[in-house]
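Participant: Numbered as in the numbering used here, the sequence shown ends at 271 without a single skipped number.
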Amino acid sequence: MEATELIKKVRQIEIKTRGLSNHIFAGEYHSAFKGRGMTFSEVREYQFGDDVRNIDWNVTARLNHPFVKVFEEERELTVMLLIDVSGSHEFGTQMRYKRNVATEIAATLAFSAIQNNDKIGMVFFSNKIEKFIPPQKGRKHILHLIRELITFTPENSETDISEALRFMKNAIKKRCTCFVISDFMDDRFEDALKIANQKHDIVALKVYDKRETEIPPVGWMKLKDAETQQIRWVNTSSSQVREHYRRWWIENHTRTQTIFRKSGVDHVSVATDEDYVKALMSLFHKR
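#1: Please state the DSSP three-state secondary structure of Leu65.
#2: For Glu132 versus Met169, is the C-beta spacing smaller than 9 Å?
#3: Would Glu88 pass as a contact of Ser110 if the rule is Cβ separation under 9 Å?
#4: Taking the alpha-carbon positions, what's the Ser222 to Lys262 distance?
#5: Cutting at 6 Å between CB atoms, please list the residues of its own chain near Arg230, excluding the five before and the five after it.
#6: Is there a C-beta anywhere in chain D that falls below 9 Å from the one on Ile145?
#7: Measure the C-alpha to C-alpha separation of Leu207 and Phe108 and round it to an integer number of angstroms.
#8: Does the Cβ-Cβ distance between Met64 and Thr1 come in under 9 Å?
#9: Indicate the three-state DSSP secondary structure (helix, strand or coil) for Tyr260 in the structure shown.
#10: Please state the DSSP three-state secondary structure of Glu235.
#11: Compare the beta carbon distance of His73 and Val191 with 9 Å and say whether it is the shorter of the two.
#12: Could you pull the DSSP bridge partners for His251 from this structure?
#13: On the DSSP bridge list, what partners appear for Met106?
#14: What three-state label does DSSP hand Asn38 in the structure shown?
#15: Going straight from the alpha carbon of Asn42 to that of Val36, what length do you get?
#16: From the DSSP output, read off the bridge partner residues of Ser166.
#17: Give me the residue from Ser70, Asn219, Asp257 and Asp167 with the minimum Cα distance to Thr137.
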């Protein structure tokens, strides 16, 4: 991609996603993702109904009048985006690839984070850690993340979500909010997800395409696995073949949702032909 084309693409995504953050998600994001705890702010005179456990006895003794400590939410968060860049994300039949949708979702979350003065970092993963961008603040940093989302080319095409979760858990020492953006074709991540969610606040965003849920009856079709590169011919005119594939999708999707629930992880699914704004709003409201 040439420099001028890249700048134009980055600008288009910035305008769209920053606008969503400013006008739609600002309040919802703040409410949905809390700070790490409460920090001391000031003392004030005791008022009827105040919790006696918050009385500042040193100030009270010195002024001979009851005073209480006032606390406020420690707002600043560290937000991590774990982005699946395996081969299966280079797929889409509804005008957009899964990778394009993931890029816009990631950019929207990034702008929402910096509006709340949060740090934002990113991990690109396949079946290994492809790239780690440490959390920082500021518009310049966000634009760097968007450029990477657009241009990054992974070395590997397979998927290992567990490896990404283990890396994130060890790389980020303090508790953070971590969005895992993937199609979750890999279903071997349950143990790693449970462990990571004990230390961090994990949120799963599943991106999929309509054509992954069912195969249209168009005769013999040559299919290639984007991750293993295996090629096979499939007779899509066969109702048995289509039904077998449909059941596989339902079972895989159900198994993934069960893993999220058992692990205590908030999650939402977004199709490439759907409005991801509604999905994110639904997620924020559930929290």
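Where is the CB? At the ideal position from N, CA and C, for every residue including glycine. All values derive from a computational prediction rather than experimental measurement.
Facilitator: Answer, in terms of the structure:
#1: Strand.
#2: Contact annotation: Glu132 and Met169 have beta-carbon atoms that are not nearer than 9 Å.
#3: No, they are not a contact pair.
#4: Whole-angstrom Cα-Cα distance: 36 Å.
#5: The residues are Glu198.
#6: Checking the listed chains, one finds no chain D in this structure; it contains a single protein chain.
#7: Going by the C-alpha atoms only, they are around 26 Å apart.
#8: In this structure, Met64 lies away from Thr1, with their beta-carbon atoms at least 9 Å apart.
#9: Note: Tyr260 maps to helix in three-state DSSP.
#10: For Glu235, the secondary structure class from DSSP, reduced to helix, strand or coil, is helix.
#11: Taking 9 Å as the Cβ cut-off, His73 and Val191 qualify as a contacting pair.
#12: Here His251 is bridged, per DSSP, to Ala188.
#13: DSSP lists Leu65 and Ile117 as partners of Met106.
#14: Helix.
#15: Taking the straight line joining both Cα atoms gives about 14 Å.
#16: Beta-bridge analysis with DSSP links Ser166 to Lys190.
#17: The residue with the shortest Cα to Cα distance from Thr137 is Ser70.
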